[in-house]
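Student:
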Amino acid sequence: MPSDDAVQEVKRSPATGGVLDLISNRWSPRAFAETAVTDAELTTIFSAGLWAASCYNEQPWRFLLGRKEDPVWTKIFASLLAANQSWAWSAPVLFASFAKKTLTHNGEVNHFARHDVGAASCTISLQATSLGLHAHGMAGFNAAQLCEAFQVPSEFDAVACWALGRRGDPEQLPEALRTRELAPRSRKGADEVVFGSVWGTPALR
Ligand SMILES: Cc1cc2nc3c(=O)[nH]c(=O)nc-3n(C[C@H](O)[C@H](O)[C@H](O)COP(=O)(O)O)c2cc1C
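Residue numbers for the sequence shown, in the working numbering: 79 to 283.
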């Protein structure tokens with residue numbers, strides 16, 4: 079097994095002037111260690127999420143939080159697609175995110191609810207990284223099954239499921255996932271996504 083630091087070194091984003099170490103160090107592992115996430119760590123991580131920005135300060139985010147093999151963890155795990163169950167079994171924490179569909183102040187559709195749940199989830203994953211933990215988002219889950227299992231009120235949409243914990247041994251993964259766990263990450267360049275006066279032309283010099 080490559081040492082922890084060697085894996086982290088491969089997964090770190092390549093140094094780009096001034097980007098925070100916290101951001102460079104965040105990535106989405108699939109192999110988690112058995113070590114539990116403490117209640118104090120969970121409180122810190124989710125408290126951080128509360129301070130994300132949101133449209134009208136609606137704070138449309140809600141979460142269901144399960145610790146390994148408690149009934150919440152078990153129900154979230156059951157809602158995951160098989161491809162995600164093949165690695166998420168090792169996560170000491172599973173949580174699911176939900177978005178309140180309407181704005182409380184006027185009852186209209188909140189078109190930014192999922193955006194804001196994403197902002198809270200990003201904040202959560204960065205706070206987790208700062209504590210030496212990692213979060214891995216999952217779109218591969220059965221939303222109807224999840225909502226049914228928890229009797230989620232109809233004014234909320236299931237957005238994503240997340241695995242959370244310390245990194246584990248990549249050897250515990252099925253082979254294809256082990257290779258991905260040890261591969262460098264990649265991104266589009268800023269010139270491909272940050273445009274100037276003409277759509278498609280780079281804005282950054
Ligand atoms: C909303 C969301 C849904 C995702 N769904 C899945 C998923 O179902 N299964 C999976 O293995 N990874 C999933 N991912 C992880 C992405 O594949 C991963 O973030 C991406 O490849 C970039 O890698 P990095 O997070 O390590 O930088 C998801 C990530 C997000 C944010």
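Glycine residues also receive a C-beta, built at the ideal position from the N, C-alpha and C atoms.
Given the structure is predicted, the values throughout are model-derived calculations rather than measurements.
Just mark Ser264 as buried or exposed, buried being the case when its beta carbon has 16 or more other beta carbons within 10 Å.
Tutor: Numbered from 1 along the sequence shown, position 186 holds the residue referred to as residue 264. The residue in question, Ser264, is exposed, as its Cβ has fewer than 16 Cβ neighbours within 10 Å.
Student: Taking just the CA atoms, how far does Glu112 sit from Pro149?
Tutor: The residue given as residue 149 occupies position 71 in the sequence shown. The residue given as residue 112 occupies position 34 in the sequence shown. Taking the straight line joining both Cα atoms gives about 18 Å.
Student: Would you check whether ligand 1 has a heavy atom nearer than 7 Å to the C-beta of Gly127?
Tutor: Position 49 of the sequence shown, counting from 1, holds the residue named residue 127. No, ligand 1 has no heavy atom inside 7 Å of this Cβ.
Student: Between the segment 201 to 212 and the segment 185 to 192, do at least 3 Cβ pairs fall closer than 8 Å?
Tutor: Contact fails: fewer than three Cβ-Cβ distances are below 8 Å.
Student: Which same chain residues end up closer than 6 Å to Ser157 when comparing Cβ atoms and leaving out the 5 residues on each side of it in sequence?
Tutor: Taking the first residue of the sequence shown as 1, we reach residue 157 at position 79. Taken in chain order, the residues that qualify are Phe219, Asn220, Gln223 and Leu224.
Student: Quick one: what does DSSP say Met79 is sitting in, helix, strand or coil?
Tutor: On the sequence shown, residue 79 is found 1 positions in, with the first residue counted as 1. Because the pLDDT at Met79 is just 48, under 50, the model does not fix this residue reliably, and the value given afterwards should be weighed accordingly. In this structure, Met79 counts as coil in the three-state DSSP scheme.
Student: Is Trp151 near ligand 1, in the sense that its beta carbon is under 7 Å from a heavy atom of that ligand?
Tutor: Walking along the sequence shown from the start, residue 151 turns up at place 73. Answer for Trp151: no, Cβ out of range of ligand 1.
Student: Starting from Gly243, trace the alpha helix (DSSP H) both ways and give me its first and last residue.
Tutor: In the sequence shown, counting from the first residue as 1, residue 243 sits at position 165. Here Gly243 belongs to no alpha helix (DSSP H); instead the beta strand (DSSP E) covers Phe234 to Gly243.
Student: In three-state terms, what does DSSP make of Trp139?
Tutor: Here residue 139 refers to the residue found at position 61 when the sequence shown is read from its first residue. Correct three-state label for Trp139: strand.
Student: Between Gly274 and the rest of its own chain, which residues show a CB-CB distance below 6 Å, the 5 nearest in sequence each way excluded?
Tutor: Taking the sequence shown and counting its residues from 1, one reaches residue 274 at position 196. Cβ neighbours of Gly274 beyond the five flanking positions: Ala281.
Student: State whether the segment 226 to 246 contacts the segment 100 to 112, with contact taken as three or more CB pairs (one from each stretch) at a distance under 8 Å.
Tutor: Flag = yes, the segment 226 to 246 and the segment 100 to 112 touch.
Student: Relative to the C-alpha of Gln205, which candidate in Ser91, Leu251 and Thr121 has its C-alpha closest?
Tutor: Counted from its first residue, the sequence shown places residue 205 at position 127. Closest option to Gln205, Cα to Cα, is Thr121.
Student: For ligand 1, any of its heavy atoms closer than 7 Å to the Cβ of Trp105?
Tutor: Within the sequence shown, residue 105 is the residue found at index 27, counting from 1. Flag set: Cβ of Trp105 near ligand 1.
Student: Which runs of the beta strand (DSSP E) spanning at least 3 residues fall entirely within the segment 143 to 209, listed in chain order?
Tutor: Runs found: 171 to 178.
Student: With a CB to CB cut of under 7 Å and the five nearest residues on each side skipped, what residues in its chain are close to Ser168?
Tutor: Here residue 168 is taken as the residue at index 90 of the sequence shown, counted from 1. Ala109, Phe110, Gly246 and Gln250.
Student: Figure out for me which residue from Ala131, Tyr134, Thr279 and Phe124 has the closest Cα to the Cα of Ala174.
Tutor: Walking along the sequence shown from the start, residue 174 turns up at place 96. Closest option to Ala174, Cα to Cα, is Phe124.
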